[in-house]
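Numbering (this note's numbering), first residue to last: 52 to 111.
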Ligand SMILES: [Zn+2]
């Protein structure tokens with residue numbers, strides 16, 4: 052089961068401008084400058100927190 056279909060149905064615009072978009076940008080920006088996340092996000096406490104936030108916002 053996934054929530055992706057709902058997010059995609061809402062449109063890419065709302066997906067990026069909403070809380071999930073903010074969480075996603077934060078995760079992307081962090082992983083780009085974090086060696087641990089480049090290797091494996093699960094090894095980084097900050098990366099895990101960002102992924103968790105992203106998943107929670109995805110549930111809406
Ligand atoms: Zn990290």
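Note that the Cβ used here is the ideal one computed from N, Cα and C, for glycine as well.
Model, not experiment: these values are computed from the prediction.
State yes or no: is the C-beta of residue 89 nearer than 6 Å to some heavy atom of ligand 1?
-> The residue labelled residue 89 in the question sits at position 38 within the chain shown. No, ligand 1 has no heavy atom inside 6 Å of this Cβ.
Output the distance between the C-alpha atoms of residue 99 and residue 80, rounded to the nearest integer angstrom.
-> On the chain shown, position 48 is the one that residue 99 refers to. On the chain shown, position 29 is the one that residue 80 refers to. When rounded, the distance between both Cα atoms is 14 Å.
Would you report the Cα separation of residue 101 and residue 78, rounded to the nearest angstrom?
-> Position 50 of the chain shown, counting from 1, holds the residue named residue 101. Position 27 of the chain shown, counting from 1, holds the residue named residue 78. One C-alpha to the other measures close to 6 Å.
Which residue comes first and which comes last in the alpha helix (DSSP H) that contains residue 26?
-> Absent from the model: residue 26. The displayed extent of the chain is 52 to 111, so no value can be given.
Quick one: what does DSSP say residue 91 is sitting in, helix, strand or coil?
-> As a first step, residue 91 is located in the chain shown; it is residue number 40 there, counting from the start. Here residue 91 sits in coil by DSSP.
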